[in-house]
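Residue numbers (my numbering): 11 to 271. Backbone N, C-alpha and C fix where the C-beta goes; we use that ideal spot for every residue, glycine too.
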């Protein structure tokens, strides 16, 4: 069995993702979006996808490309405020949405990758996250077609105080797509800054993890202490180079010192 996990092109890397597949996709805002893999998936025509990601990109970038092409049927996210098409599809009943607190979503992905079936957390206690009733899907007339179900809650002793916790089930997916700054042929990955927030966790959750890397290096070139995700979680690696387009989700600027209004 070869340890070389490299694949020639992004199209080859995602070629076996079928209609109806579930995917965990890395990225934080527009940082670390695996654009080459997303574009290849778009070109390949896969549809009815269930996607887990911190957000759904914007209308013309990131997962927003798949959304705009009607390829996504269910989205599990923690933040969706930058995509008007997402809002339109959700409120018109075209898209099922599982809104999840950001830290809970991160832990659900990590737990899935670590083989942990579920965990208890205080996040969401006393809200619709625990009690049920969050709209998952709307009907075309604006009524709620499907709501979230109540979750199991238990009380645990924390520092001598009885506190309520809600049960959250782990997330695993058929595939995961991530972008890394650097990777070797064995699949060991290094992520860049805030792109590290969700990408390693998304990678762990996928039964088949596909990573696009800006720089492909040989095994041993990455200091073991610098590896953010070990290659045991990664199955395919495709090099995309460092010249790829990277967008800023919301750009803010301030006047330089001494400038006048």
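- For residue 223, the three-state secondary structure derived from DSSP is strand.
- Residue 77 places its beta carbon less than 8 Å from that of residue 99.
- About 6 Å separates the beta carbon of residue 31 from that of residue 185, a gap short enough to meet the 8 Å contact definition.
- Under the criterion of beta carbons closer than 8 Å, residue 170 and residue 158 do not qualify as touching, at roughly 33 Å.
- With respect to the 8 Å criterion, residue 58 and residue 29 are classified as neighbours on the basis of their beta carbons.
- Contact check for residue 42 against residue 252 fails: the beta carbons are separated by 8 Å or more.
- A residue is called buried when at least 16 other Cβ atoms come within 10 angstroms of its Cβ; residue 181 meets this threshold and is buried.
- The DSSP-derived three-state label of residue 216 is strand.
- Boundaries of the beta strand (DSSP E) around residue 166: 163-168.
- Boundaries of the alpha helix (DSSP H) around residue 141: 138-141.
- Distances from the CA of residue 113 to each of 239, 259, 211 were compared; the closest alpha carbon is that of 211.
- Counted as a single uninterrupted DSSP element, the alpha helix (DSSP H) harbouring residue 94 occupies residues 94-101.
- For residue 77, the uninterrupted alpha helix (DSSP H) segment begins and ends at 74-78.
- When DSSP states are grouped into helix, strand and coil, residue 233 belongs to the coil group.
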